[in-house]
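Heads up: the sequence lines are chains L and V, in that order. Numbered according to UniProt numbering, the first sequence spans residues 1 to 666. Numbered according to UniProt numbering, the second sequence spans residues 1 to 666. Single-structure report; data block below.
2 protein chains.
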Amino acid sequence: MRDLPQVSHADMANAIRFLAADAVERAASGHPGMPMGMADVATVLFTRFLKYDAAHPRWADRDRFVLSAGHGSMLLYALLHLTGTPGWPIDALRGFRQLGSPAAGHPEYGHGEGIETTTGPLGQGIATAVGMALAEEMDRARFGADIVDHHTWVIAGDGCLMEGISQEAISLAGHLRLKKLIVLWDDNGITIDGGTSAATSEDQRKRFEASGWATLEADGHDPEGIAEAMEQARQSDRPVMIACRTRIGYGAPSKAGTAKCHGSPLGAGELQAAREALGWPHAAFDIPLPVRELWAAAGGRGAEARQDWEVRLAASPRRADFLDHHAGRYPEGWRQALAAHRAALSSKPGAMATRKASGAALEVLTPAIPQMIGGSADLTGSVNTLTKATAPLTAENFGGRYIHYGVREHGMAAVMNGMALHGGYRPYAGTFLVFADYLHPALRLSSLMGLPVTYVLTHDSIGLGEDGPTHQPVETLAMLRATPGLVTLRPADAVEAAEAWEIALDRRDGPTAIVLSRQDLPTLRLDGGVENAARRGGYVLAEAACGPRRVTLIATGSEVEIAYEARALLEAAGIGAAVVSLPSFELFRAQPAAYRAAVLGQRDGVRVGVEAALRFGWDEVIGSEGAFVGMTGFGASAPASVLYQHFGITAVAVAAKARDLLGEAA
Amino acid sequence: MRDLPQVSHADMANAIRFLAADAVERAASGHPGMPMGMADVATVLFTRFLKYDAAHPRWADRDRFVLSAGHGSMLLYALLHLTGTPGWPIDALRGFRQLGSPAAGHPEYGHGEGIETTTGPLGQGIATAVGMALAEEMDRARFGADIVDHHTWVIAGDGCLMEGISQEAISLAGHLRLKKLIVLWDDNGITIDGGTSAATSEDQRKRFEASGWATLEADGHDPEGIAEAMEQARQSDRPVMIACRTRIGYGAPSKAGTAKCHGSPLGAGELQAAREALGWPHAAFDIPLPVRELWAAAGGRGAEARQDWEVRLAASPRRADFLDHHAGRYPEGWRQALAAHRAALSSKPGAMATRKASGAALEVLTPAIPQMIGGSADLTGSVNTLTKATAPLTAENFGGRYIHYGVREHGMAAVMNGMALHGGYRPYAGTFLVFADYLHPALRLSSLMGLPVTYVLTHDSIGLGEDGPTHQPVETLAMLRATPGLVTLRPADAVEAAEAWEIALDRRDGPTAIVLSRQDLPTLRLDGGVENAARRGGYVLAEAACGPRRVTLIATGSEVEIAYEARALLEAAGIGAAVVSLPSFELFRAQPAAYRAAVLGQRDGVRVGVEAALRFGWDEVIGSEGAFVGMTGFGASAPASVLYQHFGITAVAVAAKARDLLGEAA
């Protein structure tokens, strides 16, 4: 191997700076300030500390790098290009923010190799990184340090640290003592509105220390100082935050250190002036060969470590397990076990809250699938996510499988994203449905990234009773159903609850929300449970019997029972009525039109929807001419049975609506 | 006045404890542990520190008391009953958690006097309290310390402090040095899942101090220690957190200090044992006369202070201003000024992003309405919420009217709720529409409480372009439209943007979301702007001209322009087509059926909806048989015009859909 050229640190960093600034200029859109400010820190990280092999960006034991300040995406793209990561030719950078380029406005997971997670919505990256660092500890506890031994590095900006989710994540990381998590805070004192002093006076080091972190400080433009801090951070027994004092837009003579270089192109004049100030005479997208070579060498720095690792893995008695784990291959038998469970439920009448039925399904599944990692936002006993097979995960026992997330729904969801991204794990966790509101920004990222995370959302309507309107979701189902990529399931009974879990586990490309009742519901599916009927999203649970179908009653979850009773009233009056259970709008929408029309009885009379939630979204199913029995506003505090009467969600009301539509008042 | 009976502090506190535990027992539902644990602290607060006159619970200069740990609602109800607050007879407490009682499961604003805000969703109370304390400072800066001089006291639990929103609020309060804010942390070491040590290791005092708070500590069962800390806290020049070490369920022999008394009734045996342990032989809901008298005296403690205040107010030159301010009476003239502005816009063709049009409307409104308080979550220049009339509000200038909330959407919304609750202010603030996701739990409370808060939500579709899918809302409009009590307006042009602001300001009983484009939109309403057409939610912007209406194109916001162009294509082909602008689903739904049918052309051919968002929710307007041109999933990163083509949201596509429905392919 020939000697590498003599290239200064400044040149290496300037390569990032100008790739970033020139790409933003070309796109006439983007954020040059952050990459220019953090170029020195990133150069030290990628040339001396980060464990990676650019040619093999999916190496399981690589260090993870998360750009939490996702608007500085060009920093990441410049690094991926310079290190020679596959799929990042210079044209990708020229195509920054253009359709089809992997170099999207913000880093998008799946758009190109080396993007470990989607960032942009502030605070999500740091919280997701906590999940990655946690997964690393979990992997290490399971497979040993000779196979699993990597760090998670995060670049976070002031905005990330102002978002509340960051506190949830920081607090949990400190509690779990995730010592391989290192956050590089881009302490530039600037946000979009100007100096951070307009909105914050926080002592960030003290704040992190209050959560059990170690903290360090470095001049973000002094490579040796940065290196020293990083070296120290790698030895820590706790997560580490390094406050990197930087100048935003470093090198831009008139705009550096101000919000002016945060979110818009520098402009041709300023960009040229920056070239002169930094001694970078090269044209846009032109990196001189010596710099290019040294960056390529940095990209290959980890090749030997990776090869050694491959050798160790090959020799490991845990090799097969590790590969299965990371490929998400579950051990044989879980489906059969679940099918037997479902068949047993479906063979005899009974009553059970679906949250408990979900817990029963988890008791079957978690012993069978070691990848499943449970948890709850401090509602364990209510959401039934803890099983015998899942011991608590603690700082002393990363082999555990149940995470007490604390009252931190938002952080919980992001941490689940991080575990799923890291690889291998199938995280699920529970809270009340109404609090899906607190975690939705992270759930949105589960959807956007296509991560198989399962949300267990219980206490799903006024059926929760006395806790009242703050706890009673009326719009939350609509919010979930409106989220693209998410499959929302609201099972009607214990059988459908078991089916929902099978559907969730079969999904590899997106999240699932399982929405469950607090109150007991009778088993309505007494068909032996051979077929997973919920898989079609909706199906005829009971066909009209007294004559041809004139009424179709369509309901979900706890209201299927009400529809069932309404059907009896109608049939007793000689009106043929069918009940459709519709656990998932999304799965039903994906069925052939003929199937949907047949189920909904589109050519057979009138339709009534029943759900203890708002009508919003239901016209897709019942048509604007259909009737709906549900909520019209917020709930109230009272026992559940009183509330169902009070809000008129009863079998009598459903039957009456149907007769109204038929023009046959009782 | 005769001497008050000798009653021990313990008896006073036990009155709270047993009212709470007995009410929970009677309801067979609720949270006894927190009221029993915090009864001593609350007793000291309400008998010695809190400035209030129970007979006049709306006295403007009262101290505010916020029970952020809302599940401990019986603590508040017991205090309201004992102090003699109107509307809180013992029967109200007997009716705890029953329909119609003011004593709902969680404190519900508006259900009874003395409930300062709705709490229950954790973290909301403390963040709302920051808004109240801020409003106090603002009032004081405006009206002087002789009229405005009160504290805001908060009881917060571990759960409140784990939620991310608490960090946003704490940080902002510290930054603004809200010295009249005092948080009493119920440091009992217990959450639902058990010991807080399962999920957190945080040094809370250090955390608050990092944000610029003073902190103190007290034994929460030592009245003198509590009093000393409260006394000290009232002298602080910064917000204060007092860590009150308490035992949850204090007095319940076998359940105190454990999660078992957190969220369920104690049970008859344990309750009786608590009676014996605490020396409280009285029957359920029976408070001995001496205790009752002393509590009633506490409720009247502030009567003299209130009367003195009334005298000072009567003598104040600012009296009329103060009363107008608190009654929410705006100075004359704002409507005329806005009408003139609208008429000017509507009288000549032009093009302007609606976010800029909103800013222009604010330039007219903010000088006219001093109650309007602006702000943004660090996107001031993008959301156009800052006007010439609104100087920045800082710790040095509470007379300011523009709040730099920082990147803290959730805290921002809760702080706006707090300002609105405190009285007088009309807060509005901006962020990107997609980040409404971050603040929705607080917006939900704006709706539930009926608070006139205005959310300015810009960059409302793929029209924002290059920032890509993380920043492009596709489901957010559905989420807002699904929220009961909220009016969502998506104006089509500058005229409708001005109308939206008039609608928002006329709303006194609920929040408004104004959803705005990043990109320029042509002025389509060139009718002189006399009538506020948006007030009806939807209207015919352009009727079919070439013949009878056969097609109705229904669009919102930036897509109205596309519908307009599609109409031209159809009309050119001899197909009569109308364009309906539908800025608000909610306002339109409230119109008479005949009006809606006429606007939508329900008896005149086919309907096509156009919106750069998902179809979810649109079937209400276009019917399930209608066509829709919009998004079917997440967006992408590219210039806006490219994206509109890419996703097929074009006039050509709209016209083609209409012809398809008519069965007349071009």
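Idealized CB from N, CA, C, for every residue including glycine.
Supposed contact pair residue j and residue i - C-beta distance, whole angstroms, cut 8 Å
i: V/A252; j: V/E270; result: 5 Å
i: V/R481; j: V/G617; result: 6 Å
i: residue 723 of chain V; j: V/G510; result: With chain V represented from 1 up to 666, any question about residue 723 of chain V goes unanswered, as that position is not in the structure.
i: L/A28; j: L/P265; result: 6 Å
Rounded straight-line distance, which links the Cα of residue j to that of residue i
i: L/A640; j: L/E559; result: 13 Å
i: V/G375; j: V/K388; result: 13 Å
i: V/D219; j: V/I248; result: 13 Å
i: V/V41; j: V/G159; result: 18 Å
i: V/W334; j: V/H175; result: 33 Å
i: L/K206; j: V/F435; result: 28 Å
i: V/L516; j: V/Y564; result: 19 Å
i: V/E409; j: V/G72; result: 27 Å
i: V/A656; j: V/A665; result: 7 Å
i: L/V456; j: V/G225; result: 44 Å
i: L/G424; j: L/W59; result: 13 Å
i: L/Q124; j: L/E163; result: 9 Å
Exposure label - residue i; buried when at least 16 CB within 10 Å
i: V/N14; result: buried
i: V/L289; result: exposed
i: L/M1; result: Its pLDDT being 48, under 50, L/M1 is placed unreliably by the model, and the measurement read from it follows with that caveat. Looking at its Cβ environment, which holds fewer than 16 other Cβ atoms inside 10 Å, L/M1 is exposed.
i: L/R525; result: buried
i: L/D467; result: buried
i: L/T215; result: buried
i: L/S8; result: exposed
i: L/Q235; result: exposed
i: V/E396; result: exposed
i: L/R401; result: buried
i: L/G105; result: buried
Short CB-CB distance (under 8 Å) between residue i and chain V
i: L/S517; result: no
i: L/M416; result: no
i: L/V291; result: no
i: L/M1; result: At L/M1 the pLDDT is 48, less than 50, meaning the model places this residue with poor confidence and gives no usable figure here.
i: L/F647; result: no
i: L/D619; result: yes
i: L/G374; result: no
i: L/D660; result: no
i: L/L405; result: Note that residue 405 of chain L is Tyr in the sequence shown, not Leu. It does: the Cβ of L/Y405 has a partner Cβ on chain V nearer than 8 Å.
i: L/T215; result: no
Paired residues, beta bridge with residue i - DSSP
i: V/C261; result: Answer by DSSP bridge pairing: none, since V/C261 is not bridged.
i: V/V608; result: V/L553 and V/A627
i: L/E217; result: L/A243
i: V/L489; result: V/I514
i: L/Y402; result: L/G374 and L/P392
Cβ of residue i within 8 Å of any chain L Cβ
i: V/E168; result: yes
i: V/I462; result: no
i: V/K206; result: yes
i: V/G633; result: yes
i: V/A78; result: no
i: V/L345; result: no
i: V/D467; result: yes
i: V/E202; result: yes
i: V/T483; result: yes
i: V/V642; result: yes
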